[in-house]
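Numbering (the UniProt record's numbering), first residue to last: 1 to 780.
Pasting the structure below:
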């Protein structure tokens, strides 16, 4: 009874108190419990009312705890089942909560490759194990065991010495040796035991001694044979490097065949088996090309001709009904950065016909015949999509004139590619409507057969833009920029076009981008005019070198050098108007620079060229006058002067001694177009012209020595002086034609507001230190 009470969670006490009411209740509970148990054993039914109240509460409490425990257990099982199902779905490539495939879903091909790899590894491991493991049913023993267990009992049938290090023991049929019983005919075909020997001679001697001691007759002695066996493991190790190399080559070939090796020499579409396929990229109406003809500015003539080609292909009937033939090709030639590729991109964006784009270098490969094969494939692809446009960028990579370049025998892959290009361009008919455009910076090196009518019918020159072209280009590049509220886009484009003479389209785009970077670097909210002025200086003269600190002596030399340039340009009639002079180091080697605004001239007279030479010599002569010595800072000046003097004498026919002759000299040519005597005369006349310019410059600077000192001291004080400072110190230029600059420049050397001048603004010219801003005049 006491144990039952403990099981029910009820304590019993040994010495209860009769008067304690709690003890009375406990006793009544025990009596009721014993009565209920006794009646249950007798099979009597107990009504619910006969059960004591304490017992009811006890069972209800236990039922609640059991129910709660059951529900908690069920919830835990449900949670675990849900997590397992989630992990299972994610690990097996199921979908996430959004119904999308999981990111770690295994690729079916990867699974197949992994399965093949596992199978191959298992087979290789099994084969290696079979070849390297000892033979089955063969056990190693010692010499003593062999003699006592087999030899003395006459169980040995024969012995085989393998590779002079291992002895295989073959037993008789139904032989029993040691603890192993061997029987059956099959066992005689393979050794059951083997032991190692250090020396064959010692083994033979021990075997003879043992058989002699056992008194075995000579005719019954155990036969011994010798075999040389090659182990498969050693064989595999011997051929392992060759097998690995062959497997690597096979793997690379399979990978290249699937196009996995991109790049030159074996990649691209089709891998190594598609090396002869064209790499031209196809653009069509469905391809999104954002560049349009509206993005092309400053080259109206070139754009008009290109648009004519597009019109040929869009509406061929318009021309064919009049008997006109569609041109087969055009060369886009011009300096770098002028927009040749941009025109091609705009053509791809505007043309309603397929557009194939390829680089000339993509035809050049290390394998023979690849270039011509790609040319054939490109034209075959173009014919399938006719009407079509082909654009070959940098065609001089394959189109250089044949017979030049020093090909000493053998096959020239570049010439073979060029020959195939010539055949393909002249081989398809005009009714196929395939037009070829090509871009190059060197039209002078192209093969004449490539440039003839019938192949490239037109040569479209895309030169650096003039002031109006620069203005239109700048409007395109300034439009996406966030300009200040007070900045007028049209007026800003007009001013910048004036300050950027000789700039190409790429240079102008760089100026606009540099201005935005400078504004962002200074944390400005918008881009103002001074940001563009800093950007122009950055592009022209390079970044300001704050780390390059000049010594006081060097700074004085640079100041007088630049002052000499400025004074010569101020007092020479045909010199260009000055805009700014600075002695702040910039770029790689410039210790100072002068900025000018020359007019856009297409013809130069002798006087203009001589004045330009004198202005360039101003820095060198100023050093001679004020310091009595010269420095290396004038090296670039002297190079420009010598080149200009040579052009005056040899090319422009402006020398009286040589007469009206012009000797065109090619820098790449090793032969001079004139005799030795003429060469000596050229040297004398060039030297004479430079000396005369030097004397004239010396006289001019000695006359205005005080003015040079004023400019130099102001430069040392401010480091940068403007046109206004020059006017205050020297007065206006003493030439009527020199006042043309005042028509578009204010006192501070800045562009006047729109409407204040009717004359077109002239361009500007820059002098990277220590030389005057003067580029050689155009060839006449």
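Every residue, glycine too, gets a C-beta built ideally from N, C-alpha and C.
On a predicted model such as this, the values are computed, not experimentally measured, just so you know.
From the DSSP output, in three-state form, read off residue 323 for me.
Three-state result, residue 323: coil.
Could you check how far apart the C-beta atoms of residue 425 and residue 328 are, in whole angstroms? I think they sit under 8 Å.
Going by Cβ atoms, the distance from residue 425 to residue 328 rounds to 6 Å, so yes, they are a contact pair.
Residue 194 bridges to which residues according to DSSP?
Answer is 140 and 168, bridged to residue 194.
Give the DSSP-derived three-state secondary structure of residue 451 in the structure shown.
Note: residue 451 maps to helix in three-state DSSP.
I need the straight-line Cα distance from residue 640 to residue 647, nearest angstrom please.
For residue 640 and residue 647, the distance between alpha carbons rounds to 11 Å.
Counting along the chain, where does the beta strand (DSSP E) carrying residue 438 start and finish?
From DSSP, the beta strand (DSSP E) with residue 438 extends over 434-440.
Report the CB separation of residue 620 from residue 630 in whole angstroms; it is logged as a contact under 8 Å.
With 8 Å as the limit, residue 620 and residue 630 qualify as a contact, their Cβ atoms being about 6 Å apart.
Using only the alpha-carbon positions, how far apart do residue 347 and residue 307 sit?
In a straight line, the C-alpha of residue 347 is about 8 Å away from that of residue 307.
Residue 226 lies in the alpha helix (DSSP H); which residues open and close that run?
First-last for residue 226: 224-227, but that is the beta strand (DSSP E), not the alpha helix (DSSP H).
Quick one: what's got a C-beta closer than 6 Å to residue 94's C-beta in the same chain, skipping five residues either side?
Low confidence applies to residue 94: its pLDDT is 43, below 50, so where it sits in the model is not reliable, and the reading given next is rough at best. If we look at residue 94 and ignore the five residues flanking it on each side, it has no Cβ neighbours.
Starting from residue 722, follow the beta strand (DSSP E) in both directions and report where the run begins and ends.
Per DSSP, residue 722 belongs to the beta strand (DSSP E) from 720-722.
When you compare the region 486-500 with the region 291-299, are there three or more beta-carbon pairs, one atom per stretch, that lie closer than 8 Å?
Touching, no.
Applying the 10 Å Cβ sphere with the 16-neighbour rule, what's the burial state of residue 691?
Exposed, because fewer than 16 other Cβ atoms sit within 10 Å of the Cβ of residue 691.
In angstroms with no decimal places, state the Cα-to-Cα distance between residue 368 and residue 245.
Distance between the alpha carbons of residue 368 and residue 245 is about 25 Å.
Which residue marks the beginning of the beta strand (DSSP E) containing residue 475, and which one marks its end?
From DSSP, residue 475 is part of no beta strand (DSSP E) but of the alpha helix (DSSP H) over 467-478.
By how many angstroms is the C-alpha of residue 590 removed from the C-alpha of residue 544?
Their Cα atoms are separated by approximately 10 Å.
Are there 16 or more other CB atoms within 10 angstroms of the CB of residue 708, so buried, or fewer, so exposed?
When all chains shown are included, residue 708 counts as buried.
Who are residue 544's beta bridge partners in DSSP?
586.
Smallest Cα separation from residue 460: which of 724, 338, 357 and 193?
Looking at the Cα atoms, 338 is the closest of the given residues.
Out of 443, 595, 522 and 466, which has the shortest C-alpha to C-alpha gap to residue 297?
Of the listed residues, the one whose Cα sits closest to residue 297 is 466.
Is residue 395 helix, strand or coil when you go by DSSP?
Helix, per DSSP.
Contact check, residue 612 vs residue 585 under 8 Å by CB: the rounded distance?
Actually they are not in contact, since the Cβ atoms of residue 612 and residue 585 sit about 25 Å apart, beyond 8 Å.
Would you decide whether residue 420 is buried or exposed? Buried here means 16 or more other CB atoms lie within 10 Å of its CB.
Residue 420 comes out buried.
Rounded to a whole number of angstroms, what is the C-alpha to C-alpha distance between residue 365 and residue 472?
Using only the alpha carbons, I get a separation of about 41 Å.
Using only CA atoms, which one of 164, 152, 733 and 645 lies nearest to residue 199?
Looking at the Cα atoms, 164 is the closest of the given residues.
Could you give the DSSP three-state label for residue 424: helix, strand or coil?
In this structure, residue 424 counts as helix in the three-state DSSP scheme.
Tell me which same chain residues have a C-beta within less than 7 Å of the C-beta of residue 784, skipping the five on either side of it?
An answer regarding residue 784 cannot be provided, because it is not within the stretch 1 to 780 covered by the chain.
Just reading off the alpha helix (DSSP H) that residue 208 is part of, what are its end residues?
Residues 200-213.
My understanding is that residue 458 touches residue 305, with C-beta atoms under 8 Å, so please give their C-beta distance in whole angstroms.
Yes, residue 458 and residue 305 are in contact; Cβ-Cβ is about 7 Å, under 8 Å.
With a cut-off of 8 Å, do at least 3 Cβ pairs link the region 569-583 to the region 712-722?
Yes, the region 569-583 touches the region 712-722.
Determine the direct distance from the alpha carbon of residue 376 to that of residue 398, and round the result to whole angstroms.
So the alpha carbons of these two residues sit roughly 14 Å apart.
Strictly by DSSP, which residues pair up with residue 400?
Residue 400 is bridged to 446.
Quick check on DSSP: helix, strand or coil for residue 282?
Three-state DSSP puts residue 282 in a strand.
How many angstroms separate the CA atom of residue 360 from the CA atom of residue 312?
Spanning the two alpha carbons is a distance of roughly 25 Å.
Looking at the structure shown, is residue 332 part of a helix, part of a strand, or coil, going by DSSP?
The answer is strand: DSSP assigns residue 332 an E or B state.
Are the CB atoms of residue 386 and residue 435 within a distance shorter than 7 Å?
No, the Cβ-Cβ distance between residue 435 and residue 386 is not below 7 Å.
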